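Numbering (UniProt numbering), first residue to last: 1 to 151.
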């Protein structure tokens with residue numbers, strides 16, 4: 001430490017300065033002087049920045065497909081057994097996967113949670129689909145999945 005203190009005292013460049021007493025002066029800089037070529041280049045650059053095309057969406061992009069629940073603004077609820085039974089197999093009582101239902105990830109998770117709640121509270125059967133819901137129109141067909149299975 002003694003060596004460092006001695007170096008600080010001896011070297012004029014590394015001295016510590018009290019920042020409170022520093023004052024800065026403001027000076028106005030004159031406009032830069034350009035030659036004719038630089039002026040022309042400056043004008044071209046200004047015009048080019050104004051002539052930029054407006055950002056447009058890709059006209060060839062496909063519209064994003066919404067899942068059937070998001071499209072109609074439906075929120076799955078454990079008390080709405082008729083809706084939840086659409087996503088359950090009539091033979092095994094198992095919930096169909098996303099590749100069959102075509103639901104988005106968020107809605108698939110919600111449906112899974114609500115089916116579990118409905119079974120736990122006794123609103124839905126756990127192994128078979130209710131007989132009164134067997135003739136309901138199908139929202140998803142397990143024979144014709146929306147997407148190929150990941151396995």
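Every residue, glycine too, gets a C-beta built ideally from N, C-alpha and C. Treat the numbers as computed from the prediction; the structure is a model and nothing was measured.
Member of 56, 98 and 119 whose CA lies at the smallest distance from the CA of residue 149: Here the question's residue 149 lines up with position 149 in the chain shown. Nearest of 56, 98 and 119 to residue 149, Cα basis: 98.
Nearest neighbour of residue 104, chosen from 94, 73, 126 and 78 [CA to CA]: Here residue 104 is taken as the residue at index 104 of the chain shown, counted from 1. Comparing Cα positions, the closest option is 73.
C-alpha distance - residue 36 paired with residue 63, whole-angstrom precision: In the chain shown, the residue the question calls residue 36 occupies position 36. In the chain shown, the residue the question calls residue 63 occupies position 63. When rounded, the distance between both Cα atoms is 51 Å.
Other residues of its chain near residue 133: CB distance less than 7 Å, five sequence neighbours each side excluded: On the chain shown, position 133 is the one that residue 133 refers to. Answer for residue 133: 82 and 85, listed in chain order.
C-alpha gap between residue 111 and residue 96, whole angstroms: Here residue 111 refers to the residue found at position 111 when the chain shown is read from its first residue. Here residue 96 refers to the residue found at position 96 when the chain shown is read from its first residue. Cα to Cα, residue 111 sits roughly 10 Å from residue 96.
Residue 70 and residue 102 closer than 7 Å at C-beta: Counting from one through the chain shown, the residue named residue 70 turns up at place 70. Counting from one through the chain shown, the residue named residue 102 turns up at place 102. No, they are not a contact pair.
Assigned exposure category for residue 61 - 16 Cβ within 10 Å defines buried: In the chain shown, the residue the question calls residue 61 occupies position 61. With a 10 Å radius around the Cβ and a threshold of 16 neighbouring Cβ atoms, residue 61 comes out exposed.
Spatial neighbours of residue 118 in its chain, beta-carbon cut-off 8 Å, leaving aside the 5 residues before and after: Counted from its first residue, the chain shown places residue 118 at position 118. Taken in chain order, the residues that qualify are 78, 79, 81, 84 and 124.
With 16 other Cβ atoms within 10 Å as the buried cut-off, status of residue 120: Your numbering for residue 120 matches position 120 in the chain shown. Counting Cβ neighbours within 10 Å, residue 120 comes out exposed, since fewer than 16 surround it.
Pair within 7 Å by beta-carbon distance, residue 145 and residue 100: If you number the chain shown from 1, residue 145 lands on position 145. If you number the chain shown from 1, residue 100 lands on position 100. Contact: yes.
Per-residue burial, residue 114 [other beta carbons within 10 Å of its own, 16 or more giving buried]: As a working mapping, residue 114 is identified with position 114 in the chain shown. Flag for residue 114 reads buried.
Separation of residue 90 from residue 130, as counted between CA atoms: One-based indexing of the chain shown puts residue 130 at position 130. One-based indexing of the chain shown puts residue 90 at position 90. In a straight line, the C-alpha of residue 130 is about 8 Å away from that of residue 90.
Inside the region 79-122 only - alpha helix (DSSP H) runs reaching at least 4 residues: Residue ranges of uninterrupted alpha helix (DSSP H) with 4 or more members, entirely inside the region 79-122 and ordered along the chain, are 81-84, 98-101 and 105-121.
Cα-Cα separation, residue 94 to residue 109: Start at 1 with the first residue of the chain shown, and residue 94 comes out as number 94. Start at 1 with the first residue of the chain shown, and residue 109 comes out as number 109. Roughly 14 Å between the two C-alpha positions.
Backbone secondary structure at residue 131 - three-state DSSP: On the chain shown, residue 131 is found 131 positions in, with the first residue counted as 1. Reduced to three states, the DSSP call for residue 131 is helix.
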